Amino acid sequence: MNAIKIHAQDAVAVALSPLSAGTEVLGVTLRADIPQGHKFALTEIHSGENVIKYGLPIGHATCDILPGEHVHTHNLKTNLSESAEYTYEPIHTPKTLEEPAVPNFSGFLRNDGRVGIRNELWIIPTVGCVNAVAQRLAALTKPKLRGSISGCYAFPHPYGCSQLGDDHAATRRLLASLCHHPNAGGVLVLGLGCENNVIAEFKKELGQWDEARVKFLICQDVEDEIEAGMALLDELIDAAAEDVRQPVPVSKLIIGMKCGGSDGLSGITANPAVGRFSDLLTYYGGSTILTEIPEAFGAETILMNRAVSEEVFAKTVAAINDFKAYFVAHGQTVYENPSPGNKAGGISTLEDKSCGCIQKSGSAPLQDVLPYGAMLKTPGLNLLYGPGNDLVSSTALVAAGAHLVLFTTGRGTPFGSPAPTIKIASNSALAGRKSTWIDFNAGPAAEGVDLDTVGRQLFDYVIRVAEGEETSSERLGAREIAIFKDGVTL
């Protein structure tokens, strides 16, 4: 198989390997060389006519296109605009399986009933001024770890002060959500003392917490912040060191789903494989979270019509329109995407990228839409308000409660979120070339392996990671957070 027509109504096919001009493929003779992941016309497409891929328009032809011609940015343009109206037309196709028993995995059961897949110490600065203190404390603590504690990590960031309104509220909410994450067996909240996000106010956002597992330090209030911080971290080690894994149902798992650096195979291999995984996990009662609102533009109705209610449909419409308004307010078009790397990989328009990106959601009903920085409340498939940026959206997924992040890529990246980040290659060449970055290869889905099989293999791998197998980002020590910013910095 050297090319694929994804949907019966498609006017284009995608090359699964590099194809030469003159080659006969799917009933047409290629008029140009077609790189892997790129599109070619299966029928004549007239100027101004919609180009159909995934059974949906991905833009319109800017000139007449003959069968066998390369279809890309030189002859295809987006249809997207800043405004659209939507009508709720519910379509629900729940996953059915022959194996109703819910499998277990070994995790750390927390006092609040949630489950962690790691037992770590996290140091959360309330403000960027104490980033260096947090990092020094983490480095000094690592040699002291014992028992089941697998690491101590600081999460520096530049915010927590000189922010106003929604930005300040979003920073406080996201950091509080991270403090509640069950992968952290203990948390040290590190403040300066004069910041906007002062600890007294931060505690109000945090709500209830386990006093044995969450400690606070205001650096301006002590003579030696390193000595005081180490004393508190010693207490956290004592509290968490004896935690042990125990069998828990996979319905306790919450998995974030994200794509970055896509290519023309991402929507054919990696993303639909994640969609198969999502359907399996939600069938078992677990939860998955999709984000990257701008990367649903052009494919948003697929999610909207799977909303479980008109209320959730309205939340989805609001998320799409609010993000478009955000672009417009900053003088930007809503379709200034894909990136140069995406285009090199064969993605021509934002609709093209979005139709592939949305494959990660599988076919499950959409249960809820979460604000940025909020924690998941409703089991099943959820949508999280957030941008496409890799670090920002992955941080928000973890803050929402994701135990780990499934990160599909056709280009590769070494980054890691605060939780284990599974890098899923869309093609076997990338998986072989960047084996220190890539954890799972979905490329065989372009080589004849059934997507359901790849999805099941991914499910089995996720369980192994949930039980402690390290991801590439963990081995590289890649743990980062980034916070979404919109407004004024004082």
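Residue 730 is where the sequence shown starts when you use my numbering, and the numbers rise one by one after that.
A virtual CB, placed ideally from N, CA and C, is assigned to each residue, including glycine.
The model shown is predicted, which means the values in this text are computed figures rather than measured ones.
* Assign Ile-984 to one of two classes, buried (16 or more other C-beta atoms within 10 Å of its C-beta) or exposed (fewer than that). => buried
* Asked: When you compare each of Thr-855, Ile-1022, Asp-939 to Val-1121 by their alpha carbons, which one comes out closest?
  -> Ile-1022
* Asked: Based on the DSSP output, what are the partners of Met-986 in its beta bridges?
  -> Leu-1019, Leu-1135
* Asked: Quick one: Cα of Arg-875 to Cα of Glu-952, how far?
  -> 28 Å
* From the DSSP output, in three-state form, read off Val-916 for me. => strand
* What distance in whole Å lies between the Cβ atoms of Phe-1026 and Ser-1083, which are believed to be in contact at a cut-off of 8 Å? -> 6 Å
* Under a three-way DSSP split, which group does Val-1057 fall into? -> helix
* To do: Note down, one range per segment and in chain order, each beta strand (DSSP E) of at least 3 residues found wholly within the segment 764-824.
  => 768-770, 779-782, 785-790
* Asked: Which of helix, strand or coil does DSSP assign to Leu-962?
  -> helix
* Considering only the beta carbon of each residue, do Asn-925 and Gln-975 sit closer than 8 Å? -> no
* Cys-881: first and last residue of the uninterrupted alpha helix (DSSP H) it sits in -> Unbroken run through Cys-881 is the beta strand (DSSP E), 881-883; no alpha helix (DSSP H).
* Asked: Any idea if Cys-881 is buried or exposed, counting beta-carbon neighbours within 10 angstroms, 16 or more meaning buried?
  -> buried
* What number of angstroms, rounded off, separates the C-alpha of Ala-1073 from the C-alpha of Asp-762? -> 14 Å
* Classification of His-767 by the beta-carbon crowding that lies within 10 angstroms, buried from 16 upward -> buried
* Determine the direct distance from the alpha carbon of Leu-755 to that of Phe-769, and round the result to whole angstroms. => 10 Å
* Residues of its chain near Ala-740, where Cβ-Cβ distance is below 7 Å and the 5 sequence neighbours each way are ignored -> Ala-770, Leu-771, Thr-772, Ile-774, Val-780, Ile-781
* Extent of the continuous beta strand (DSSP E) run through Gln-1096 -> 1095-1099
* To do: With DSSP collapsed to three states, give me the class of Val-977.
  => strand
* Asked: Quick one: any contact between the segment 1102-1111 and the segment 955-975, if contact means 3 or more CB pairs under 8 Å?
  -> no
* Give the straight-line distance between the Cα atoms of Asn-1156 and Ala-1002, rounded to the nearest whole angstrom. => 12 Å
* Spatially closest choice to Asn-840 from Ala-941, Ile-820, Arg-902, Ala-1171, by CA coordinates -> Ala-941
* Would Val-1057 be called buried (16 or more neighbouring beta carbons within 10 Å of its own) or exposed? -> exposed
* Asked: Terminal residues of the continuous beta strand (DSSP E) containing Leu-850?
  -> 849-854
* To do: Compute the distance between the beta-carbons of Ile-1222 and Ala-863, then report whether it is under 8 Å.
  => Because the chain is modelled from 730 through 1219, residue 1222 falls outside the range shown and cannot be assessed.
* **Buried/exposed call for Gln-738, threshold 16 Cβ in 10 Å** => exposed
* For Lys-1152, which residues does DSSP report across the bridge? -> Phe-1136
* Asked: Taking Cβ to Cβ, would you say Gly-1115 is nearer than 8 Å to Thr-1020?
  -> yes
* Nearest-angstrom Cβ-Cβ length linking Val-977 and Leu-838, presumed shorter than 8 Å -> 6 Å
* **Nearest-angstrom Cα separation, counted from Gly-914 out to Lys-871** => 14 Å
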